[in-house]
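What follows is one structure encoded as structure tokens, with my remarks underneath.
Residue numbers (our numbering): 160 to 528.
Shown next, in the form of structure tokens:
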């Protein structure tokens, strides 16, 4: 059996391209709605990007542990912990480079890479110790427990509100307001609330664990020389249906990473990986694969480059405007118009990041942690 599926790297590359695209619109006021996150409850295609990447982390873990015979030896334990720590350090390097204005009092402890790190660490220890037959029940327990925790510890009658939910309460208690994300605006006021909060990392672990379970299914189907398509389509449709029903009591919400949100995204990813696996592995179609492989095989590098460029463009001033604003208003908006200019800026940003990664690809240099 192959030790890796090409479709996994392709889907990760597609996800990275989508992540860079939606994170770097030319102008947030003139961005097409599907390229924006839902304000609170609800769902847009953009909301699928981060959970899909986390889902792919889970898928890849099965293959990375094969070399260690899926045993939690002291060496493997240390490797897991080091990788977790490195992801935290990379996050702080990316977001605070070159550290000229660094202030520990305003350090945001949690973010995208820390969430990936914590989810990876938890799922690694779970899957290397728990029998495979327990994984589904562990997932069910996580999702039901999170629902109960939010309901029990949020304010009565407003346990799903941005300012009174249990996720925010725990982060305020542990970290303090200055260490949280401040980009949420409610009634004209900025609310300190972290969409990558510590408590909401619990259901994010479930997202990663779903990815690991898909890798088990793909592995078994490959051993039996069977297509995984129908099974993944069926499970995907089932998860989406459960999510939509659960949405009536526990709304789909990306910023809280609600249990219904986990199921909805997992269901969609089941279908996507099923279709890609059938198209690439079964039908052996490879048109355009290289473009996404450049990103998918160097995902941490691609993400890091995109964030560093975006942050530095935001910091650098041109004629009393940040460089990214100047580029939008003086190049993209005059040529393409407001909304299409914002989209053209985002696509150009993806291509710039891809070009840098392509240099590493040609030299066979891959950032691994």
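Note that the Cβ used here is the ideal one computed from N, Cα and C, for glycine as well.
The structure presented is a predicted model; accordingly, all values stated were derived computationally and were not measured.
{"Asked": "My understanding is that residue 269 touches residue 356, with C-beta atoms under 8 Å, so please give their C-beta distance in whole angstroms.", "Found": "6 Å"}
{"Asked": "Can you tell me which of the three DSSP states residue 253 falls into?", "Found": "helix"}
{"Asked": "Check the DSSP bridge columns for residue 476 and list the partner residues they point to.", "Found": "481"}
{"Asked": "Per DSSP, what are the beta-bridge partners of residue 350 in this structure?", "Found": "343"}
{"Asked": "DSSP puts residue 412 in a beta bridge; with which residues?", "Found": "200"}
{"Asked": "Per DSSP, what kind of secondary structure is residue 504 in: helix, strand or coil?", "Found": "helix"}
{"Asked": "Between residue 239 and the rest of its own chain, which residues show a CB-CB distance below 8 Å, the 5 nearest in sequence each way excluded?", "Found": "279, 280, 283 and 284"}
{"Asked": "Taking the alpha helix (DSSP H) that residue 524 falls in, what are its first and last residues?", "Found": "Here residue 524 belongs to no alpha helix (DSSP H), and DSSP marks it neither H nor E."}
{"Asked": "Touch check for the region 498–512 and the region 180–190: three-plus C-beta pairs under 8 Å?", "Found": "yes"}
{"Asked": "Quick one: Cα of residue 428 to Cα of residue 478, how far?", "Found": "44 Å"}
{"Asked": "Closer than 6 Å by C-beta to residue 211: which residues in its own chain qualify, once you throw out the five before and the five after it? Chain order, please.", "Found": "174 and 428"}
{"Asked": "Can you grab the Cα-Cα spacing for the pair residue 246 / residue 528, in whole Å?", "Found": "7 Å"}
{"Asked": "Within the chosen definition, does the region 373–387 reach the region 407–420 through at least 3 CB pairs nearer than 8 Å?", "Found": "no"}
{"Asked": "Any chance the region 250–259 sits against the region 335–343, with 3 or more Cβ pairs inside 8 Å?", "Found": "no"}
{"Asked": "Are residue 436 and residue 525 touching if we call contact CB-CB under 7 Å?", "Found": "no"}
{"Asked": "Output the boundary residues of the alpha helix (DSSP H) element that contains residue 330.", "Found": "325–333"}
{"Asked": "Is the region 303–319 in contact with the region 393–402, if contact means three or more CB pairs nearer than 8 Å?", "Found": "no"}
{"Asked": "Report the rounded CA-to-CA distance for residue 166 versus residue 365, giving the unit in angstroms.", "Found": "22 Å"}
{"Asked": "Output needed for residue 350: all residues of its chain with C-beta closer than 7 Å, excluding positions within five of it in sequence on either side, in chain order.", "Found": "321, 322 and 343"}
{"Asked": "How is residue 210 classed by DSSP in three states: helix, strand or coil?", "Found": "helix"}
{"Asked": "Going by Cα to Cα distance, which pick from 194, 169 and 168 is closest to residue 503?", "Found": "194"}
{"Asked": "Which residue from 249, 290 and 286 puts its Cα closest to that of residue 272?", "Found": "249"}
{"Asked": "Classify residue 522 as buried or exposed, calling it buried when 16 or more other Cβ atoms lie within 10 Å of its own Cβ.", "Found": "exposed"}
{"Asked": "Just to confirm the assignment, what range does the alpha helix (DSSP H) spanning residue 382 have?", "Found": "360–382"}
{"Asked": "Taking all protein chains shown into account, do 16 or more other C-beta atoms lie within 10 angstroms of the C-beta of residue 191, making it buried, or fewer, making it exposed?", "Found": "exposed"}
{"Asked": "Is the beta carbon of residue 171 sitting closer than 7 Å to the one on residue 215?", "Found": "yes"}
{"Asked": "Would you decide whether residue 516 is buried or exposed? Buried here means 16 or more other CB atoms lie within 10 Å of its CB.", "Found": "buried"}
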